[in-house]
Every structure is written in structure tokens, then in C-alpha cells.
Amino acid sequence: MKINGLKFGVIGGGIGGIAAALALQQRGAQVTVFEQAAELTEVGAGLQISENGMVVLRALNVVGDTPEAGLRSYGTVLRDYRAGRSVSEIPAPAAGSTYYFHRADLLGLLHKAALREGVEFRLGAQVAQVHKHPSDAEIVLEDGTRFSADCVIAADGGRSQIRADLNGPEAPEFTHQVAWRATIPWARRDLKPCAVLTMGPGRHVVTYPLRDHTLMNIVAIEERSDWQEEGWNRRGDPEDLRARFSDFGGLVGEILEQVQEPNIWALFLRPVAQTWQNERIALLGDAAHPTLPFMAQGACLALEDACVLARAFDDQSGIQQALEMYESRRRSRAKKVVATAGANARNFHLRGPMRLAAQAALMAIGPRLSRKYEWIYSYDATA
Ligand SMILES: Cc1cc2nc3c(=O)[nH]c(=O)nc-3n(C[C@H](O)[C@H](O)[C@H](O)COP(=O)(O)OP(=O)(O)OC[C@H]3O[C@@H](n4cnc5c(N)ncnc54)[C@H](O)[C@@H]3O)c2cc1C
Numbered sequence: 054m055k056i057n058g059l060k061f062g063v064i065g066g067g068i069g070g071i072a073a074a075l076a077l078q079q080r081g082a083q084v085t086v087f088e089q090a091a092e093l094t095e096v097g098a099g100l101q102i103s104e105n106g107m108v109v110l111r112a113l114n115v116v117g118d119t120p121e122a123g124l125r126s127y128g129t130v131l132r133d134y135r136a137g138r139s140v141s142e143i144p145a146p147a148a149g150s151t152y153y154f155h156r157a158d159l160l161g162l163l164h165k166a167a168l169r170e171g172v173e174f175r176l177g178a179q180v181a182q183v184h185k186h187p188s189d190a191e192i193v194l195e196d197g198t199r200f201s202a203d204c205v206i207a208a209d210g211g212r213s214q215i216r217a218d219l220n221g222p223e224a225p226e227f228t229h230q231v232a233w234r235a236t237i238p239w240a241r242r243d244l245k246p247c248a249v250l251t252m253g254p255g256r257h258v259v260t261y262p263l264r265d266h267t268l269m270n271i272v273a274i275e276e277r278s279d280w281q282e283e284g285w286n287r288r289g290d291p292e293d294l295r296a297r298f299s300d301f302g303g304l305v306g307e308i309l310e311q312v313q314e315p316n317i318w319a320l321f322l323r324p325v326a327q328t329w330q331n332e333r334i335a336l337l338g339d340a341a342h343p344t345l346p347f348m349a350q351g352a353c354l355a356l357e358d359a360c361v362l363a364r365a366f367d368d369q370s371g372i373q374q375a376l377e378m379y380e381s382r383r384r385s386r387a388k389k390v391v392a393t394a395g396a397n398a399r400n401f402h403l404r405g406p407m408r409l410a411a412q413a414a415l416m417a418i419g420p421r422l423s424r425k426y427e428w429i430y431s432y433d434a435t436a
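In my numbering, the protein residues as written are 54 to 436.
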């Protein structure tokens, strides 16, 4: 169908929402993004964007072949926790290198590209409801302002209100895992940019450099049941973090020593949504398929969604058909990636003899491990 001139409202100015707005606008739609935050700022942390996400960023002209804002990864190093002993090294995927971005930088690049294409942004605009009518979909803001669109894309994150409207109330399941994240100033250029995944009983830590090696990004996960706050912006106590990971030695121990202002939140599990779309309204990104962070794929999946959604309008005769096509092309892949991420939590946190056996296996197959996930990285949403 002709997307030219169709009016879209996108709810959420995160990576998924802006990428979708950009992809739709580039095909001739007229897009307005509604973001509840007064500014498009992301709290400091890193994102790994693997080739399946990079291919979308390049197609949308957000980055060139060698993005300056990102650091090209040489692969992943698996380490044991006590002395940081190397267990295995996983080379960069054959599909292409992963890049490490500061979230704020990637969001800034997407925002700039969207503004260049003419996407309109309404910041400080919290969406309260969306109504579907026979001839349009209507966004109603908290302050009562109304906006009529031909189609609404809800990229309003893992706790999406629109998902609840389409699917009814759902109770998220606490994973009994808590995540800490932080960045620290960093000045060492002697280490190749790699993600280092340090595994201990019931815990693991992932570190990788950002911004031309001037920052080190840290995500630390622990199995724990006494913290159940979900938001990403809650400050944690750095001494508490150190105490909980005090037996982590080697370089990761030194890195944890320097953390000053960690954030902490509990990890909850929501299944891939049953209903993704409803004639004129569709879910995208975490709103449709929230994932645990153990494959570093949430933002990459949101980028894939954006590309597939916009392309679905080329192939279909109406809005409803395009949204159905989008869902049918995305559902099974999203489900499979989310399930793979969920399984990794168990693998990273093994205890006792199971841990040693798993490490021996990793030592043997490590270099071949990236092939196991090649189906994730080689997916090309633009093809
Ligand atoms: C610790 C951690 C590490 C991660 N690392 C990686 C990684 O390395 N690689 C990767 O690919 N992914 C990673 N992810 C996942 C990734 O961050 C998310 O999957 C991704 O940000 C989802 O993007 P989104 O646009 O769907 O949602 P979000 O980024 O959550 O954006 C939703 C937006 O909607 C806005 N919003 C919500 N409700 C409303 C409303 N009613 N009205 C208006 N606006 C609203 C919010 O303010 C927000 O800006 C990680 C996640 C975590 C927690």
C-alpha cells in the first residue's frame, strides 16, 4: 500500500520508537513521536549492538560503515570469578562485528537522523489512552490533548500500558535476579575492546569499554529475592555491590572497586505478548517482547522490528494487513531470541561441580560458540 502521507503516532522515544519513526518517515509517512520524558536523555550505560542491529542502523543512515560513536568488539572473553582466570574466548561473529555504544550516544544519533527526515517529537507528552475508531486511531495525552493518526505504534517499553490495553492485565514473574549497572572513568587502551563475562556461583558480571575507551561499562547480576523494585533509575549502594561481589578478583575486582554510583533493579519476566496488533495499533520492541539482558539483544530486536514494520507497508493493501504481516514476520524470531536469553541466566550462574564441568566444556567449544548464535547475528531485517 502507499504509505505516502499516512499519519503515524509513535508512543515512546526509546531506541525502538525512534527507529520505527525514522523507518516509517523515510518511506513517506508523516510521524509524530510522543515521549513522556521532558528530554531524550538516557542514564549512562552501554549497549552492545550486534550485526543484526547494525545492519538496520546502516540501512536507516544512522551510522556509516565504521561508526565513530561505537567501539568495534573483538569478541567475548569468559572468565572465572576468583582470580579472573580465562575460561574461553569467543571470537567476533562471522556475520560481522558487534559495536559498543553509550546508550545516550546511540539515542542521540537516532534522534538526529529522525529530525533530519522531518519526524516531529513531542516531549513531556505522556500518553494516557489510545482509542481505535473505524477511520483513525486517537492518542489521548494525560493533559487531555488529542491526536488523530491512521496508525499508532506503541514502543512504550517493557511495562507498556498499550500492551496491557491489548492483552489485559498480566502479572510479571520475578526472576529472583537483581541487576546492577554502572560506568566508571577508564583510561586503559592496552586491552582490545572485548566484552568480559565473569561467571561465579549465582552471579555474573559483564564489562566492556565505551566512548573510545574513556568509560568502562559494568552490568552485574546476582540471584537474590529481597529486592523487587523494577525501575531502571534507582540508585544502589556501591559498598553493598562490592560486598556482594567481594570474591570476584582479577581485573573485574579492580573495576568494581571504582564504582561510585550504581543503579539497581529487579529483573522480571513477561512473556512475548499474545496480541501484538489490533487493526490500527501495534506493539514494538520491549512492549511486544521484553527480554532478559543475557543475550544483549533487546535493542537489536527493537531495531529489527522497526525495519520489518516499515517494510510490511510496501507489501500489503491496507494498514491492518501490514500490521498482521509485521507480526507474522516477527513473532517466532522474537520468541526464539527471548527464550535463548532466558536459558543463559542458568548457564552463567552454575555452582559446584556443575560449574567446573560447564567450564571444561566451554574451554573445549568456546571458539566455536559464536557459531551457535550465528542465526541471531546473521539475520538481516533489511533483506
Ligand atoms: C542491563 C541491561 C543491559 C542491556 N544491554 C543490551 C545490549 O547490550 N544490547 C541490546 O540490544 N539490548 C540491551 N538491553 C535491552 C534494551 O535496553 C531494551 O530492549 C531496549 O532499550 C528496548 O527499547 P524500547 O524502545 O522498546 O523500550 P524503552 O527503551 O524502554 O523505551 C520506551 C520509551 O517509552 C516511553 N514511555 C513509556 N510509557 C509512555 C507513555 N505512556 N507515554 C509516552 N512515553 C512513554 C519511556 O519513557 C521510554 O523512553 C539491555 C537491557 C538492560 C536492562
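Just so it is clear, CB atoms sit at the ideal spot from N, CA and C, and this is done for glycine as well.
So does the segment 325 to 340 actually touch the segment 199 to 217, counting three or more Cβ pairs closer than 8 Å? Contact holds: three or more Cβ-Cβ distances are below 8 Å.
Compare the C-alpha of Asp293 against each of Ile271, Gln281, Gly303 and Leu309 and name the closest. Ranking Ile271, Gln281, Gly303 and Leu309 by Cα distance to Asp293 puts Leu309 first.
Would the C-beta of Arg242 count as close to ligand 1, meaning under 7 Å from any of its heavy atoms? Outside the cutoff, so no.
Quick check: Val115 and Leu59, are their CB atoms within less than 8 Å of each other? Cβ distance not < 8 Å, so Val115 and Leu59 don't count as in contact.
Buried or exposed: where does Gly62 fall if 16 or more other Cβ atoms within 10 Å of its Cβ makes it buried? Using a 10 angstroms sphere on the CB of Gly62, the tally of other CB atoms reaches 16 or more, which defines it as buried.
Would you decide whether Thr94 is buried or exposed? Buried here means 16 or more other CB atoms lie within 10 Å of its CB. Result: exposed.
Could you spell out the range, first to last residue, of the alpha helix (DSSP H) harbouring Arg156? Counting along the chain, the unbroken alpha helix (DSSP H) around Arg156 starts and ends at Arg156 to Glu170.
Which of the three DSSP states, helix, strand or coil, is assigned to Ser188? The answer is coil: DSSP assigns Ser188 none of H, G, I, E or B.
Looking at Gly7: is its Cβ nearer than 8 Å to the Cβ of Leu345? The structure shown does not extend to residue 7, since the chain is modelled only from 54 to 436, so the question has no answer here.
Compute the Euclidean distance between the alpha carbons of Gln179 and Glu170, then round it to the nearest angstrom. Distance from the CA of Gln179 to the CA of Glu170, rounded to the nearest whole angstrom, comes to 23 Å.
Please state the DSSP three-state secondary structure of Tyr261. Under the three-state reduction of DSSP output, Tyr261 falls in the strand class.
Judging by CA-CA distance, which residue of Phe366, Gly128, Val249 and Tyr153 is the nearest neighbour of Glu121? Considering only Phe366, Gly128, Val249 and Tyr153, the residue with the shortest C-alpha distance to Glu121 is Tyr153.
In three-state terms, what does DSSP make of Gly69? Reduced to three states, the DSSP call for Gly69 is helix.
Can you name the start and end residues of the alpha helix (DSSP H) that Gly303 belongs to? In the DSSP annotation of this structure, the continuous segment of the alpha helix (DSSP H) that includes Gly303 starts and ends at Gly303 to Glu310.
To the nearest angstrom, how far is it from the Cα of Ala232 to the Cα of Leu113? Cα-Cα distance, rounded: 32 Å.
What would DSSP say about Leu268, mapped onto helix, strand or coil? If DSSP states are grouped into helix, strand and coil, Leu268 belongs with the strands.
If you draw a straight line from the alpha carbon of Glu332 to that of Gln101, how long is it in whole angstroms? Their backbone Cα atoms lie some 34 Å apart in a straight line.
Taking the CB atoms as reference points, tell me whether Leu124 and Pro246 lie closer together than 8 Å. Cβ distance < 8 Å, so Leu124 and Pro246 count as in contact.
Between the segment 224 to 231 and the segment 258 to 265, are three or more C-beta pairs nearer than 8 Å? Taking 8 Å as the limit for Cβ pairs, the verdict is that the segment 258 to 265 does not touch the segment 224 to 231.
If distances are taken between C-alpha atoms only, which option among Ala363, Val84, Leu250 and Ala98 comes closest to Asn442? For the chain, the structure presents residues 54 to 436; residue 442 sits outside this window and is missing.
Who pairs with Trp329 in a beta bridge, going by DSSP? In DSSP, Trp329 forms no bridge with anything.
Check the DSSP bridge columns for Thr251 and list the partner residues they point to. Beta-bridge partners of Thr251 (DSSP): Arg132 and Val258.
Hey, would you say the C-beta of Cys360 is under 7 Å away from at least one heavy atom of ligand 1? Checking every heavy atom of ligand 1 against the Cβ of Cys360, none is found closer than 7 Å.
Ligand 1 and Gln89: does the residue's C-beta get closer than 7 Å to at least one heavy atom of that ligand? Checking every heavy atom of ligand 1 against the Cβ of Gln89, one is found closer than 7 Å.
Compute the minimum distance between the beta carbon of Asp218 and the heavy atoms of ligand 1, and state whether it is under 7 Å. Outside the cutoff, so no.
Contact between the segment 139 to 151 and the segment 183 to 192: three or more CB pairs below 8 Å? No, they do not touch.
Quick one, are the C-beta atoms of Glu195 and Thr85 less than 8 Å apart? No, they are not a contact pair.
If you run the structure through DSSP and keep just helix, strand and coil, what is Arg323? Of the three classes helix, strand and coil, the one that applies to Arg323 here is coil, per DSSP.
Could you check which residue in Pro324, Arg364 and Thr328 has the C-alpha nearest to that of Lys388? Per the Cα distances, Pro324.
What separation, rounded to the nearest whole angstrom, lies between the Cα atoms of Ile271 and Gly137? Here the C-alpha atom of Ile271 lies approximately 15 Å from the C-alpha atom of Gly137.
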